[in-house]
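In full-length UniProt numbering, the protein residues as written are 1 to 653.
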DNA sequence: GGCTCGGAT
DNA sequence: AGACATCCGAGCC
């Protein structure tokens with residue numbers, strides 16, 4: 001096994017299980033389906049076979065497989081040298097601490113509209129009842145429950161859906177309608193918790209602790225009443241989950257869907273039992289990639305985390321120990337508040353079309369996109385300094401090119417369009433199927449205009465609304481209620497608001513960075529990394545993502561875990577002095593590094609960083625030698641601890 | 001600080 | 001035949 005080779009072939013059988021699942025799409029295990037998933041996957045694969053889309057998926061799957069195999073190699077190396085017992089002991093200590101701090105006092109509810117878009121369409125066209133139908137042409141936005149039984153799900157290509165369900169009826173989406181209903185529904189929820197947090201247009205989090213106290217009503221009864229109210233006033237059904245924190249509540253809302261609710265007992269034992277057999281994929285933040293990553297080390301259910309706590313602790317950077325241990329315990333944020341999402345970081349628009357190679361036609365598309373983005377920016381009051389062009393080739397590979405200015409992008413569409421051209425023209429000729437423009441380094445124009453004094457305040461007031469502008473519509477009215485039509489992509493946005501919460505009180509250090517090791521970075525470096533120049537240049541080189549196999553593997557962000565990164569940013573950083581922090585930490589006490597066995601006067605955090613350092617050496621032995629000989633690894637931490645490892649590995653290879 | 005890429009919903 | 005949109009942040013120079 002091992003072998004310095006580093007490129008030890010993962011193995012063929014690429015078509016297997018994991019890839020088929022990938023092809024099947026993301027929302028698979030998330031929502032309840034029916035029928036034989038294997039058969040469904042077969043039909044999907046058959047319909048896809050040979051398409052460019054399929055080839056691209058295969059390529060990505062292969063990259064991931066390679067990345068995982070490299071991580072496993074590192075894992076093997078680490079486990080071989082480390083003191084497993086100590087690592088487990090360390091994890092156990094953290095678990096005990098987390099358990100001691102568990103908060104079961106708040107009654108959190110996650111409400112989720114059942115097949116929202118589909119339900120609304122059904123409302124407006126009763127003849128759809130009982131028919132399997134889907135909302136959205138081209139790509140399914142939402143499938144009715146009857147359609148789901150056939151394996152149709154959101155995100156799926158329409159033609160694939162039709163293969164799975166020949167009698168499928170496909171209707172168009174009516175965003176303004178969804179938006180209006182969404183607002184109406186959220187207002188109902190707010191009667192129970194004025195500070196509820198809308199998570200997208202069809203779901204939200206509430207803390208009904210207070211409501212229940214004041215109305216002397218039990219949680220389940222309260223939620224049932226709320227759901228009935230929604231149904232009475234809108235004729236739409238909603239499912240709900242009641243639990244001690246947001247993550248649990250969200251998972252619970254799926255339990256008795258549609259039109260049902262589920263409450264988890266508010267005891268530590270019940271929560272842990274609930275987590276034990278829960279698929280890791282059900283955890284918000286764990287998507288296809290992280291699921292595979294975790295599965296590769298034997299973690300399939302949340303209960304499995306415990307058995308692998310040593311690996312997770314030793315390779316925190318890759319797997320996110322803190323996140324996983326909390327997940328194992330079923331602990332997450334129980335803070336529910338509206339907006340609070342800081343300002344948005346970017347605003348953009350993109351459009352997919354039938355692949356074209358003609359320069360004039362491409363520029364036409366670019367102009368359309370520029371105009372659309374321009375309208376959005378104008379109506380929502382944003383401008384920015386950096387413009388990023390995104391394009392997708394007919395092979396489905398995606399590239400971006402950006403340019404920054406010292407000035408704010410003018411709101412005249414000519415500005416965006418010309419910048420877009422500047423970025424795109426040098427790339428041509430290409431055959432494209434998508435063009436997008438995005439502006440970052442934003443500035444909120446309304447801050448100056450409107451409430452300039454307490455700019456922040458403005459934000460709080462309509463925080464959650466502020467996201468996702470789009471859709472011009474927006475007529476007069478100032479920031480008041482412009483609940484605009486969030487044309488929403490349904491999932492997306494909302495989660496955004498919700499997710500950060502899960503990591504709230506954390507302070508973990510960032511967790512990982514996946515392939516910190518290898519992933520040589522050649523490409524990107526010169527901006528010259530042009531994609532396939534010219535259509536013909538068939539195979540070979542090109543594309544930044546494709547150069548030599550491993551290259552593109554890019555350090556994907558972190559695993560599930562990742563999110564903790566934000567928390568980390570808050571404190572820590574201070575690149576050059578990471579080690580000072582560590583050593584100067586509080587509750588200092590002797591701790592032994594499970595890798596190099598050195599005893600350190602530091603706290604858990606410090607120990608953690610030290611372990612990271614040990615791992616960063618790539619060659620564990622090196623660290624051991626160092627510690628064994630020179631017992632005081634003085635200043636072991638490379639400036640910028642984490643990146644240190646990366647760089648090294650990067651070049652090396 | 002600029003730029004690119006991949007993740008997640 | 002046919003396969004989304006939007007946003008975020010990490011990593012690298």
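Backbone N, C-alpha and C define an ideal beta-carbon position, used for all residues, glycine too.
Open item on the list: I need the straight-line Cα distance from residue 87 to residue 313, nearest angstrom please.
Closed with: To locate residue 87, count along the first chain from 1; it is residue 87. To locate residue 313, count along the first chain from 1; it is residue 313. C-alpha separation (whole angstroms): 6 angstroms.
Open item on the list: Considering just the uninterrupted stretch of the beta strand (DSSP E) at residue 157, what are its terminal residues?
Closed with: Sequence index remark: in the first chain, residue 157 carries index 157 (1-based). From DSSP, residue 157 is part of no beta strand (DSSP E); its letter is neither H nor E.
TODO: Report, in whole angstroms, the separation of the C-beta atoms of residue 292 and residue 68, which I expect to be a contact under 8 angstroms.
DONE: Numbered from 1 along the first chain, position 292 holds the residue referred to as residue 292. Numbered from 1 along the first chain, position 68 holds the residue referred to as residue 68. Residue 292 to residue 68, Cβ: 7 angstroms. Contact.
TODO: Just grab the DSSP bridge partners of residue 690 for me.
DONE: Residue 690 lies beyond the residue range present for the chain, which begins at 1 and ends at 653; the question has no answer from this structure.
Task: residue 200 in three-state terms, based on DSSP - done: On the first chain, residue 200 is found 200 positions in, with the first residue counted as 1. Looking at residue 200 - three-state DSSP - the assignment turns out to be coil, as it is neither helix nor strand.
Open item on the list: With H, G and I counted as helix, E and B as strand and the rest as coil, what does DSSP make of residue 38?
Closed with: Translated into positions along the first chain, residue 38 becomes position 38. Helix.
Task: Terminal residues of the alpha helix (DSSP H) in which residue 289 lies - done: In the first chain, the residue the question calls residue 289 occupies position 289. It spans 288 to 296 - the alpha helix (DSSP H) in which residue 289 sits, taken as one unbroken run.
TODO: Determine the burial state of residue 406: buried for a count of at least 16 other Cβ atoms within 10 Å of its Cβ, exposed for fewer.
DONE: Within the first chain, residue 406 is the residue found at index 406, counting from 1. Residue 406 comes out exposed.
Open item on the list: Using CA atoms only, rank isn't needed, just tell me which of 129, 268, 111, 178 is closest to residue 654.
Closed with: Past the boundaries of the shown model lies residue 654; the chain is included only from 1 to 653, so the question cannot be answered.
Open item on the list: Using C-beta distances below 8 angstroms, list every residue in its chain close to residue 56, excluding the 5 sequence neighbours before and after it, in chain order.
Closed with: Position 56 of the first chain, counted from the start, is the residue given in the question as residue 56. Closer than 8 angstroms at the Cβ level, and outside the excluded window around residue 56, lie 395, 396, 397.
TODO: State the start and end residues of the unbroken alpha helix (DSSP H) segment that holds residue 326.
DONE: Taking the first residue of the first chain as position 1, residue 326 is located at position 326. Residues 321 to 329.
Task: From 424, 49, 248, 352, residue whose alpha carbon lies closest to that of residue 702 - done: In the structure displayed, the chain extends from 1 to 653; residue 702 sits before or after that span and is not available.
- [ ] Starting from the Cα of residue 350, find the closest Cα among 319, 358, 134, 366 and give me that residue.
- [x] As a first step, residue 350 must be located in the first chain, where it is residue number 350. Of the listed residues, the one whose Cα sits closest to residue 350 is 366.
- [ ] In the DSSP assignment, find the alpha helix (DSSP H) that holds residue 266 and state where it starts and stops.
- [x] Position 266 of the first chain, counting from 1, holds the residue named residue 266. Residue 266 -> no alpha helix (DSSP H), and no H or E assigned at all.
Task: Short Cβ contact (9 angstroms threshold) for residue 103 with residue 245 - done: Here the question's residue 103 lines up with position 103 in the first chain. Here the question's residue 245 lines up with position 245 in the first chain. Their beta carbons are under 9 angstroms apart, which means residue 103 touches residue 245 by this criterion.
Task: Rounded C-alpha distance that separates residue 116 from residue 84 - done: Counted from its first residue, the first chain places residue 116 at position 116. Counted from its first residue, the first chain places residue 84 at position 84. Going by the C-alpha atoms only, they are around 48 angstroms apart.
Task: Burial state of residue 359, where buried means 16 or more other Cβ atoms lie within 10 Å - done: Taking the first residue of the first chain as 1, we reach residue 359 at position 359. Answer is exposed; the Cβ neighbour count stays below 16.
TODO: Within its chain, find whatever has a CB closer than 8 angstroms to the CB of residue 23; leave out the 5 residues flanking it on each side and keep chain order.
DONE: Taking the first chain and counting its residues from 1, one reaches residue 23 at position 23. Here the set comprises 41, 44, 45, 48, 54, 57.
Open item on the list: Our contact map puts residue 168 next to residue 177 with C-beta atoms below 8 angstroms; I'd like the distance itself, whole angstroms only.
Closed with: By one-based count along the first chain, residue 168 stands at place 168. By one-based count along the first chain, residue 177 stands at place 177. The Cβ separation is near 21 angstroms, so there is no contact.
- [ ] Taking residue 182 as part of the alpha helix (DSSP H), name the residues at either end of that continuous run.
- [x] Stepping through the first chain from its first residue, residue 182 is reached at position 182. Counting along the chain, the alpha helix (DSSP H) containing residue 182 begins and ends at 175 to 192.
Task: Residue burial classification, residue 96 (beta-carbon count within 10 angstroms, cutoff 16) - done: Within the first chain, residue 96 is the residue found at index 96, counting from 1. Looking at its Cβ environment, which holds fewer than 16 other Cβ atoms inside 10 Å, residue 96 is exposed.
Open item on the list: Can you find the residues in the same chain that come closer than 7 angstroms, C-beta to C-beta, to residue 129, ignoring five residues on each side of it along the sequence?
Closed with: For the purposes of this step, residue 129 is taken as the residue at position 129 of the first chain. So the qualifying residues of the chain are 122.
Open item on the list: Going by C-alpha to C-alpha distance, which of 304, 251, 284 sits closest to residue 276?
Closed with: The sequence position of residue 276 within the first chain is 276, counting from 1. Measuring from the Cα of residue 276, the nearest candidate turns out to be 304.
Open item on the list: At the level of alpha carbons, what is the spacing between residue 327 and residue 98?
Closed with: Along the first chain, read from residue 1 onward, the residue named residue 327 stands at position 327. Along the first chain, read from residue 1 onward, the residue named residue 98 stands at position 98. Distance between the alpha carbons of residue 327 and residue 98: 11 angstroms.
TODO: Confirm the yes/no value for this check: CB of residue 348, any heavy atom of the ligand ADP, distance under 8 angstroms.
DONE: Of the ligands one can find in the structure shown there are none, so the ligand ADP has no counterpart to examine.
Task: Three or more C-beta pairs below 8 angstroms linking the region 181 to 192 and the region 220 to 240 - done: yes
- [ ] Can you tell me which of 175, 239, 234, 214 puts its alpha carbon nearest to the alpha carbon of residue 203?
- [x] Taking the first residue of the first chain as position 1, residue 203 is located at position 203. Comparing Cα positions, the closest option is 239.
Task: DSSP three-state assignment for residue 90, whether helix, strand or coil - done: To locate residue 90, count along the first chain from 1; it is residue 90. The answer is helix: DSSP assigns residue 90 an H, G or I state.
- [ ] Can you give me the Cβ contacts of residue 186 inside the same chain, cut-off strictly under 7 angstroms, excluding the 5 residues immediately before and after it?
- [x] Within the first chain, numbered from 1, the residue matching residue 186 stands at position 186. So the qualifying residues of the chain are 198, 204.
Open item on the list: Let me confirm a value: residue 216 is counted as buried when at least 16 other C-beta atoms fall within 10 Å, else exposed. Which label applies?
Closed with: Indexing the first chain from 1 puts residue 216 at position 216. It counts as exposed.
TODO: Determine which residues share a DSSP beta bridge with residue 438 and list them.
DONE: Numbered from 1 along the first chain, position 438 holds the residue referred to as residue 438. Answer is 348, 388.
Task: Length of the line joining the Cα atoms of residue 432 and residue 140 - done: As a working note, residue 432 is residue 432 in the first chain. As a working note, residue 140 is residue 140 in the first chain. Cα to Cα, the separation comes out at about 22 angstroms.
- [ ] Tell me whether residue 145 sits in a helix, a strand or coil according to DSSP, three-state version.
- [x] On the first chain, position 145 is the one that residue 145 refers to. Helix.
- [ ] Output yes or no for whether 9 angstroms exceeds the beta carbon distance between residue 264 and residue 270.
- [x] On the first chain, position 264 is the one that residue 264 refers to. On the first chain, position 270 is the one that residue 270 refers to. Yes, these two residues count as a Cβ contact at 9 angstroms.
- [ ] Note down the Cα distance separating residue 201 from residue 137, rounded to an integer number of angstroms.
- [x] Locating residue 201 in the first chain gives position 201, where the first residue counts as 1. Locating residue 137 in the first chain gives position 137, where the first residue counts as 1. Residue 201 and residue 137: Cα-Cα distance of roughly 20 angstroms.
Task: Closest by C-alpha distance to residue 118, when choosing among 146, 372, 391, 250 - done: Taking the first chain and counting its residues from 1, one reaches residue 118 at position 118. The shortest Cα separation from residue 118 among 146, 372, 391, 250 belongs to 146.
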